[in-house]
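Remarks on the structure that follows.
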Amino acid sequence: MGLNIVKDNLKTFIFIKEHPDESIIFTDVDGTLSEIAENPTAAIVAPKIKDIIARVADIYKVVAISGRPPREIKKMIGSENIIYVGSHGWERLENDQLTAKGSSLEEEGIKEIKTLLARSMRRQGIYFEGKENGLAVHYRLAENRDKIKEEIIEAVGPLVKHLGFKVILGKMVVEISSNLTDKGEAMADIIREFDKVKVLYIGDDQTDVDAFMKLKELRGESVIKGFALGVLSPEVPDSVKAEADYFFRSVDEVAFFLQWLTS
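Be aware that the sequence shown starts at 8, since it is given in my numbering, and climbs by one per residue.
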């Protein structure tokens, strides 16, 4: 059976356009609003998409949710009207006010993990991205990627278990996080906070699956009406294909859909 493509089913989403005050749109960033870059520091949101998402945010409540820190997400997108949720739900930036969940014990654990990995994973093609609540190890440019991924997981496994942290697998990246929430819980909290009943969530990676599943749970309980929208790529996880309701075939199709929402 073929996948349901958003662009071929626009009438399905009329309920969002008809009730903007009741609607909220959540979107991932990398692979959704921006193309995946070999080095995450090189990823950009194209000016055209920045303009479109700013117009969307003038009409609807919009939340950009990512593994990146919130200020970094805001720098990529640029709009003042968007809520920026970073580190998979651990931090939130709204009206230039940053809030975070965390403790000094978590900070010490994160430092310990960073030290461990810095010593054991000095390899060509590996890029370390420090985060407030953890560490991301990017291995897209490394040789023998599958082997490197397993080495990273094995290296941190005992310490992660001891600290009660978690490992998050993404597209050519392993994240070690003290954040015991996820994108799904962050999404649900914001839906309740703003009392929105019509919801779209756009994402492309394993960390977005938590939000897809939570959205479907809330929909099944008749709390909301909404859909999980996946973005296809050669690297898209099978779990995204399994859990999303409809699909975009590219970042350009995401931009087309967001523009359609403003028309």
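C-beta atoms are modelled at their ideal positions from N, C-alpha and C, and glycine is treated no differently.
Buried or exposed for His169, going by 16 or more other Cβ atoms inside 10 Å?
Indexing the sequence shown from 1 puts residue 169 at position 162. Exposed.
Tell me whether Ser258 sits in a helix, a strand or coil according to DSSP, three-state version.
Here residue 258 refers to the residue found at position 251 when the sequence shown is read from its first residue. Before going further, note that residue 258 is Val rather than Ser in the sequence given. Looking at Val258 - three-state DSSP - the assignment turns out to be helix.
Would you tell me roughly how many angstroms separate the C-alpha atoms of Val230 and Val204, rounded to the nearest one?
Taking the sequence shown and counting its residues from 1, the one referred to as residue 230 is at position 223. Taking the sequence shown and counting its residues from 1, the one referred to as residue 204 is at position 197. Each residue's Cα considered, the two are about 7 Å apart.
If you compare alpha carbons, which of Gly237, Asp189, Ile51 and Lys232 is closest to Ile23?
For this step, residue 23 is matched to residue 16 along the sequence shown. Taking only the C-alpha atoms, the option nearest Ile23 is Lys232.
Looking only at DSSP bridge pairs, what is Ile32 linked to?
Stepping through the sequence shown from its first residue, residue 32 is reached at position 25. Val69 and Leu207.
What's the C-alpha gap between Lys121 and Val70?
Taking the first residue of the sequence shown as position 1, residue 121 is located at position 114. Taking the first residue of the sequence shown as position 1, residue 70 is located at position 63. Cα to Cα, Lys121 sits roughly 29 Å from Val70.
I want to know whether the stretch 154 to 169 touches the stretch 98 to 105 - three or more CB-CB distances under 8 Å.
no
C-alpha gap between Lys68 and Ile32, whole angstroms:
Within the sequence shown, the letter at position 61 stands for residue 68. Within the sequence shown, the letter at position 25 stands for residue 32. About 6 Å.
Boundaries (first-last residue) of the alpha helix (DSSP H) holding Arg199:
Taking the first residue of the sequence shown as 1, we reach residue 199 at position 192. Counting along the chain, the alpha helix (DSSP H) containing Arg199 begins and ends at Lys190 to Phe201.
C-alpha distance - Arg199 paired with Gly132, whole-angstrom precision:
Numbered from its first residue, the sequence shown carries residue 199 at position 192. Numbered from its first residue, the sequence shown carries residue 132 at position 125. About 42 Å.
Consult DSSP for Lys232 and reduce its assignment to one of helix, strand or coil.
The sequence position of residue 232 within the sequence shown is 225, counting from 1. It is a strand residue.
Quick one: complete beta strand (DSSP E) runs, 3+ long, within the stretch 36 to 102?
68 to 72, 90 to 93 and 98 to 101
With 16 other CB atoms within 10 Å as the buried threshold, where does Thr34 fall?
As a position in the sequence shown, residue 34 is number 27, starting the count at 1. Flag for Thr34 reads buried.
Reduced DSSP secondary structure (H/G/I, E/B, other) of Glu136:
In the sequence shown, the residue the question calls residue 136 occupies position 129. In this structure, Glu136 counts as strand in the three-state DSSP scheme.
Ser248 versus Val238: straight-line alpha-carbon distance, rounded
For the purposes of this step, residue 248 is taken as the residue at position 241 of the sequence shown. For the purposes of this step, residue 238 is taken as the residue at position 231 of the sequence shown. The question names Ser, yet the displayed sequence has Lys at residue 248. Between Lys248 and Val238, the C-alpha separation is close to 9 Å.
Which first and last residues belong to the beta strand (DSSP E) in which Ser184 is found?
The residue labelled residue 184 in the question sits at position 177 within the sequence shown. From DSSP, the beta strand (DSSP E) with Ser184 extends over Val180 to Ser184.
Less than 9 Å separating the beta-carbons of Ile89 and Lys81?
One-based indexing of the sequence shown puts residue 89 at position 82. One-based indexing of the sequence shown puts residue 81 at position 74. Against a cut-off of 9 Å, the Cβ pair of Lys81 and Ile89 comes out as a contact.
Residue ranges of each beta strand (DSSP E) within the stretch 140 to 171, 3 or longer:
141 to 145
For Pro241, does the count of other Cβ atoms within 10 angstroms reach 16, so buried, or fall short, so exposed?
For the purposes of this step, residue 241 is taken as residue 234 along the sequence shown, with counting starting at 1. Per the 10 Å Cβ criterion, exposed.
Please state if the CB of Gly210 and the CB of Leu236 are separated by a distance shorter than 9 Å.
Residue mapping note: residue 236 aligns to position 229 of the sequence shown, counting from 1. Residue mapping note: residue 210 aligns to position 203 of the sequence shown, counting from 1. Cβ distance < 9 Å, so Leu236 and Gly210 count as in contact.
Proximity below 9 Å, CB of Lys173 to CB of Val167
Against the sequence shown, residue 173 aligns to sequence position 166. Against the sequence shown, residue 167 aligns to sequence position 160. Yes, the Cβ-Cβ distance between Lys173 and Val167 is below 9 Å.
Three-way DSSP call (helix, strand, coil) for Gln131 in this model:
Translated into positions along the sequence shown, residue 131 becomes position 124. Reduced to three states, the DSSP call for Gln131 is coil.
With distances taken between CB atoms, is the gap from Val13 to Tyr253 smaller than 9 Å?
Walking along the sequence shown from the start, residue 13 turns up at place 6. Walking along the sequence shown from the start, residue 253 turns up at place 246. A contact, by the Cβ cut-off of 9 Å.
Do Ile59 and Ala262 have their C-beta atoms within less than 9 Å of each other?
Counted from its first residue, the sequence shown places residue 59 at position 52. Counted from its first residue, the sequence shown places residue 262 at position 255. Closer than 9 Å, so yes.
Measure from the alpha carbon of Arg75 to the alpha carbon of each residue in Gly141, Ile160 and Gln266, then state which is nearest.
On the sequence shown, residue 75 is found 68 positions in, with the first residue counted as 1. Nearest C-alpha to Arg75: Gly141.
When DSSP labels each residue in this structure, what does Ala251 get in the three-state scheme?
Locating residue 251 in the sequence shown gives position 244, where the first residue counts as 1. In this structure, Ala251 counts as coil in the three-state DSSP scheme.
Under a three-way DSSP split, which group does Lys108 fall into?
Here residue 108 refers to the residue found at position 101 when the sequence shown is read from its first residue. Reduced to three states, the DSSP call for Lys108 is coil.
Is Gly237 helix, strand or coil when you go by DSSP?
As a first step, residue 237 must be located in the sequence shown, where it is residue number 230. Three-state result, Gly237: strand.
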